[in-house]
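Remarks on the structure that follows.
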Amino acid sequence: MALSLNHTIIPARDKRASASFLAEILGLEVGQPLGPFVPVHIGSLSLDFADVDFADKGITEVAPHHYAFEVDEEAFDEIFARITRAGLDYYAEPHEPHRFGEINTSRDGRAVYFDDPDGHIMEIMTVSHT
Numbered sequence: 252m253a254l255s256l257n258h259t260i261i262p263a264r265d266k267r268a269s270a271s272f273l274a275e276i277l278g279l280e281v282g283q284p285l286g287p288f289v290p291v292h293i294g295s296l297s298l299d300f301a302d303v304d305f306a307d308k309g310i311t312e313v314a315p316h317h318y319a320f321e322v323d324e325e326a327f328d329e330i331f332a333r334i335t336r337a338g339l340d341y342y343a344e345p346h347e348p349h350r351f352g353e354i355n356t357s358r359d360g361r362a363v364y365f366d367d368p369d370g371h372i373m374e375i376m377t378v379s380h381t
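According to the working numbering, the sequence shown is numbered sequentially starting from 252.
Now the structure itself:
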């Protein structure tokens, strides 16, 4: 049986702004809206940003999720340059101590974390395949 993840929905206060943010940082394009979703395609996977009406649910905050993107060394450098040009805070650990302003190099590659406008924890990472 062939199995792959096709899409996942990312809750956002402003789906267009959140999709544009991630697409800009990763060097991707925002897809055409599809129903209530604004997609960002990564290969065959679609990250579908959706507005969540928090007031109707009595929710005032977005529950942060973690999204990790494996990239090669060249793409890491390009994305990291966009993170720094945008003036985003970045950090080496998703938990305390976060080690703000650092890149994690302790796991056979490089990893850096940054937050999207809704507080989702985004990670770019390289993996040594030796």
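Note that beta-carbon positions come from the ideal geometry of N, C-alpha and C, so glycine has one too.
V322 at chain C interface by Cβ criterion, 7 Å: Of the protein chains in this structure there is only one, and it is not chain C.
Judging by CA-CA distance, which residue of V378, F320, E325 is the nearest neighbour of F365? Checked all of V378, F320, E325; the closest Cα to F365 is F320.
Which residues does DSSP pair with T259 in a beta bridge? In DSSP, T259 forms a bridge with L298.
M373: buried (16+ other C-beta within 10 angstroms of its C-beta) or exposed? If you draw a 10 Å sphere on the C-beta of M373, you find 16 or more other C-beta atoms in it, and that means buried.
If you compare alpha carbons, which of L285, G278, D304 is closest to I293? Its Cα nearest to that of I293, the residue G278 stands out among L285, G278, D304.
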